[in-house]
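Counting from 1, position 32 in the sequence shown corresponds to residue 57 in our numbering; the numbering is continuous, with no gaps.
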Amino acid sequence: MSKALLKFVRLSPTKARLIAKQIQGMNAELAIASLEFTPNKAARVLSKVVA
Numbered sequence: 026m027s028k029a030l031l032k033f034v035r036l037s038p039t040k041a042r043l044i045a046k047q048i049q050g051m052n053a054e055l056a057i058a059s060l061e062f063t064p065n066k067a068a069r070v071l072s073k074v075v076a
């Protein structure tokens, strides 16, 4: 298991947590593919973190 950290992003933790729970447990390729079709700022930010 690995851990990624992103600092200094203006995004509500609650909104980011909603998207993070959706991709939790997925492998990186599947998570990035899933985030591409999610119309949300948190999805764009989390896809950069996962990649």
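Beta carbons: idealized from backbone N, C-alpha and C, even for Gly. These figures come from a predicted structure and were not determined experimentally.
The alpha-carbon of ILE44 is positioned some 14 Å away from that of ALA53. The residues ALA29 and LEU31, in chain order, have a CB closer than 6 Å to that of VAL74 in the same chain once the five nearest residues on each side in sequence are set aside. Annotation for LEU43: the continuous alpha helix (DSSP H) segment containing it runs 38 to 48. Secondary structure of LYS32 (DSSP, three-state): coil. When secondary structure is reduced to three states using DSSP, SER72 falls in the helix class.
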